[in-house]
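To start, the structure under review is shown below, and the notes come after it.
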DNA sequence: CTCGATTA
DNA sequence: TAATCGAGG
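In the numbering used here, the protein residues as written are 220 to 561.
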């Protein structure tokens, strides 16, 4: 879920090609959830192989990553490590919501309400060990850099971005800004018109770039203060105060300068607020990572995905896309170094 | 979400 | 060539 900062964060829309030649590290869990939620059949069931294993995430990862690489992007994937104990409540709440949605999904299918079934099914998406393992295996076979974060993946992504090892962190959530990422990419997909399911409507989804420094200046807070504002409105690590959303949270910190003063003024308390601050401002991270792709194990990818009932011609065309993009980028790099020599 | 055959 | 839409696994 992450913090709710939509509407207060300034961004600029770009084409995917704008990211060409840049290393972008992707919040793997966030992306996989997206795939599990969206890549479904009309009744809400995810794509599965003949053995009943979910394959929605593998489909999404293969095809989207091929497109990103074709656009010249150099992707890497950060996976979450162990969740912080303060996230327990959020995780429990999500489980309850999933269980409730599952019952309503079954009911909607029985009643033949496909639209409702789809919506409810989307809310049942769950990251299992099998989904995590198969995702990592596929990305590894594709030669893509995987980073296993010691803690929150967004903290690790923000660290690599702040160090300048990657140009941006990619996620739908805004948390990496709180973790200190200088740059965030949202909607990193092939952009364009998207049909709204079940209706004759279209909306345009475009890739967004958020420059943290600019966004913070626009809001009028420092990063530390934005963290404080988010603690007031609630994060994955604390529930926040009721009735306080982005607008009020930001105003309270602007008016009073800090969380302590804001809390004193409204006469309320937030237990563990210092710990939550620490999670965002002194996050756990690792230096043991590589960000350059390796040669992909073509047969390995084909064997793996064929085992999940993927059509071989589709796998091959995605892999061809990657190979030719990598060859083209290699040629470009060689040309550049040749140019700089003369 | 993305693919790719079909359609205009 | 571009938009559309059912299928993918």
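Even for Gly, the Cβ is constructed at its ideal location relative to N, Cα and C.
Integer-rounded CB distance, given that residue j should sit under 8 Å from residue i
{"i": "residue 297", "j": "residue 368", "result": "6 Å"}
{"i": "residue 434", "j": "residue 396", "result": "7 Å"}
{"i": "residue 336", "j": "residue 328", "result": "5 Å"}
{"i": "residue 288", "j": "residue 545", "result": "7 Å"}
{"i": "residue 271", "j": "residue 374", "result": "So it is not a contact: roughly 35 Å between Cβ atoms."}
{"i": "residue 230", "j": "residue 366", "result": "So it is not a contact: roughly 25 Å between Cβ atoms."}
{"i": "residue 391", "j": "residue 253", "result": "7 Å"}
{"i": "residue 266", "j": "residue 258", "result": "6 Å"}
{"i": "residue 383", "j": "residue 303", "result": "With a Cβ gap of about 26 Å, residue 383 and residue 303 do not count as contacting."}
{"i": "residue 378", "j": "residue 504", "result": "4 Å"}
DSSP state of residue i mapped onto helix, strand, coil
{"i": "residue 227", "result": "coil"}
{"i": "residue 424", "result": "strand"}
{"i": "residue 354", "result": "helix"}
{"i": "residue 365", "result": "strand"}
{"i": "residue 249", "result": "helix"}
{"i": "residue 232", "result": "strand"}
{"i": "residue 273", "result": "strand"}
{"i": "residue 385", "result": "coil"}
{"i": "residue 308", "result": "helix"}
{"i": "residue 284", "result": "helix"}
{"i": "residue 454", "result": "strand"}
{"i": "residue 259", "result": "strand"}
{"i": "residue 254", "result": "helix"}
{"i": "residue 398", "result": "coil"}
{"i": "residue 444", "result": "helix"}
{"i": "residue 220", "result": "coil"}
{"i": "residue 437", "result": "helix"}
{"i": "residue 278", "result": "helix"}
{"i": "residue 482", "result": "helix"}
{"i": "residue 497", "result": "helix"}
{"i": "residue 337", "result": "helix"}
{"i": "residue 345", "result": "coil"}
{"i": "residue 373", "result": "helix"}
{"i": "residue 237", "result": "helix"}
{"i": "residue 465", "result": "helix"}
{"i": "residue 477", "result": "coil"}
Buried or exposed (CB count within 10 angstroms, at least 16 for buried), residue i
{"i": "residue 244", "result": "buried"}
{"i": "residue 372", "result": "buried"}
{"i": "residue 299", "result": "buried"}
{"i": "residue 246", "result": "buried"}
{"i": "residue 485", "result": "exposed"}
{"i": "residue 437", "result": "exposed"}
{"i": "residue 511", "result": "exposed"}
{"i": "residue 513", "result": "exposed"}
{"i": "residue 310", "result": "exposed"}
{"i": "residue 553", "result": "exposed"}
{"i": "residue 317", "result": "exposed"}
{"i": "residue 261", "result": "exposed"}
{"i": "residue 352", "result": "exposed"}
{"i": "residue 487", "result": "exposed"}
{"i": "residue 500", "result": "exposed"}
{"i": "residue 509", "result": "exposed"}
{"i": "residue 364", "result": "buried"}
{"i": "residue 535", "result": "exposed"}
{"i": "residue 376", "result": "buried"}
{"i": "residue 537", "result": "buried"}
{"i": "residue 285", "result": "buried"}
{"i": "residue 394", "result": "buried"}
{"i": "residue 290", "result": "buried"}
Sequence-distant residues of its chain with Cβ nearer than 6 Å to residue i (five each side left out)
{"i": "residue 255", "result": "275, 276, 344"}
{"i": "residue 528", "result": "268, 269"}
{"i": "residue 516", "result": "360"}
{"i": "residue 389", "result": "243, 245, 404, 407"}
{"i": "residue 350", "result": "276"}
Residues near residue i in its chain [Cβ-Cβ closer than 7 Å; skip 5 each side]
{"i": "residue 381", "result": "399, 400, 401"}
{"i": "residue 386", "result": "241, 242, 243, 402"}
{"i": "residue 227", "result": "438, 465, 469"}
{"i": "residue 306", "result": "455, 456"}
{"i": "residue 547", "result": "none"}
{"i": "residue 333", "result": "261, 262"}
Cutoff 8 Å; reference residue i; Cβ partners in own chain excluding five residues on either side
{"i": "residue 452", "result": "222, 223, 459, 460, 463, 464, 465, 467, 468"}
{"i": "residue 357", "result": "277, 280, 281, 520, 523, 524"}
{"i": "residue 426", "result": "232, 233, 234, 235, 237, 238, 404, 405, 406, 407, 408, 410"}
{"i": "residue 264", "result": "340"}
{"i": "residue 481", "result": "447, 451, 471, 472, 474, 475"}
{"i": "residue 362", "result": "512, 513, 514, 515, 516"}
Identity of the residues DSSP links to residue i by a beta bridge
{"i": "residue 405", "result": "427"}
{"i": "residue 509", "result": "DSSP output for residue 509 lists no bridge partner at all."}
{"i": "residue 330", "result": "Its beta-bridge partners do not exist; DSSP assigns none."}
{"i": "residue 242", "result": "293"}
{"i": "residue 298", "result": "367"}
{"i": "residue 267", "result": "273"}
Proximity test, residue i beta-carbon vs the ligand GTP heavy atom, cut-off 8 Å
{"i": "residue 221", "result": "Ligands displayed in this structure: none; no statement on the ligand GTP is therefore possible."}
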